[in-house]
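Below: the structure, in structure tokens.
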Amino acid sequence: MFRRRIETGEWIVGERIPTLERLTSELGVARATIRQALGELESEGLLRRYRAKGTFVTRRPAAPYAVQLATDWASLLNAHQGDTIEVLATANVNRLPYPIDAPLRYAPGYHYLRRMHRRDGVPYLLGHVYLESGIFGRLPKKMLRTTPMLRLLKECKGVHIANAQQSLTIGAADVETAALLQVAINAPVAIVHRTAFDRAGTLIYYSFGIYRGDHLRLEMTLK
């Protein structure tokens with residue numbers, strides 16, 4: 606909360622913040638809790654305490670980079686360029702464990718991948734991908750750590766994507782996701798679901814990516 610006040614300019618750089626007594630009264634929490642929160646910001650160089658003067662804002666936190674969520678096919682193919690991609694898990698599965706709200710034609714089997722995307726060393730996207738098994742078998746495995754999955758699909762010989770869809774929902778990080786993305790439990794996250802179908806209408810690709818809420822931006826031209 607206090608970090609947010611600095612980020613938004615409610616607490617201005619160079620000015621003194623409210624006293625400990627005022628913050629305790631305002632928020633209704635223990636003095637020790639307020640001290641701890643302010644101490645963390647002081648250790649980051651955002652605040653500085655002066656004897657007999659109070660605590661002052663020294664600087665605003667650096668704005669985290671924000672990844673633009675692609676909303677068209679061409680942008681999707683070029684998304685995540687420059688990321689460091691780590692494969693966390695891989696397995697063969699016979700069906701998708703997550704329901705999709707539509708009657709679908711499924712492939713006999715899929716290959717599951719869980720991948721972590723990092724930029725500048727910071728994890729920002731935890732991706733879960735289900736790819737039709739036959740297609741997965743034709744992919745160059747070394748590129749799973751360097752290339753967005755949809756680009757691999759497009760460049761795979763014999764694969765024809767006839768239809769692809771994307772949806773976005775907002776959620777909260779559970780314990781495992783929070784640990785992997787290095788955010789607080791229940792921190793806001795954006796969940797992006799994608800599906801791709803071949804010319805026969807078979808689901809050949811399904812994914813859901815969990816983005817850190819502070820590292821995703823959505824922009825659209827309205828007119």
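Numbering (our numbering), first residue to last: 606 to 828.
The beta-carbon is built from N, C-alpha and C at its ideal position, and this holds for glycine as well.
The structure displayed is predicted, hence computed values, not measured ones.
Which residue from the options puts its Cα closest to that of residue i?
i, options, result
"residue 759", "628, 741, 616 and 662", "741"
"residue 752", "709, 685 and 698", "685"
"residue 806", "681, 712 and 754", "712"
"residue 683", "755, 714, 773 and 826", "755"
"residue 643", "675, 613, 676 and 609", "609"
"residue 778", "692, 745 and 816", "816"
"residue 762", "747, 743, 749 and 632", "743"
"residue 727", "787, 662 and 648", "787"
"residue 631", "647, 607 and 620", "607"
"residue 737", "645, 774, 615 and 809", "809"
"residue 818", "828, 826, 825 and 774", "774"
"residue 678", "767, 649, 790 and 658", "767"
"residue 771", "635, 636, 675 and 658", "675"
"residue 695", "827, 717 and 680", "717"
"residue 620", "658, 634 and 641", "658"
Flag this pair as yes or no: are the beta carbons of residue i and residue j separated by less than 8 angstroms?
i, j, result
"residue 639", "residue 625", "yes"
"residue 699", "residue 714", "yes"
"residue 660", "residue 622", "yes"
"residue 673", "residue 822", "yes"
"residue 721", "residue 785", "yes"
"residue 612", "residue 656", "no"
"residue 735", "residue 820", "no"
"residue 765", "residue 804", "yes"
"residue 692", "residue 749", "yes"
"residue 782", "residue 731", "yes"
"residue 647", "residue 653", "yes"
Near residue i, which residues of its chain fall below 7 angstroms by C-beta distance, leaving aside the five closest residues on each side in sequence?
i, result
"residue 733", "719, 812 and 813"
"residue 780", "790"
"residue 636", "625 and 629"
"residue 697", "714, 716 and 738"
Can you list, in chain order, the residues of its chain whose CB lies under 6 angstroms from that of residue i, leaving out five sequence neighbours each side?
i, result
"residue 769", "801"
"residue 776", "794 and 796"
"residue 723", "689"
"residue 792", "778"
"residue 634", "none"
TODO: Scan the segment 627-677 and note each continuous beta strand (DSSP E) run of 3 residues or more that stays entirely inside, going in chain order.
DONE: For the segment 627-677, the full-length beta strand (DSSP E) segments reaching 3 residues or more read 652-655 and 659-662 along the chain.
Task: Entirely enclosed alpha helix (DSSP H) segments - the segment 689-777, minimum 4 residues - done: Runs found: 738-743 and 754-760.
TODO: Go through the segment 774-812 residue by residue and report every complete run of the alpha helix (DSSP H) that reaches 4 residues or more, in order.
DONE: Segments of the alpha helix (DSSP H) lying fully in the segment 774-812: 780-786.
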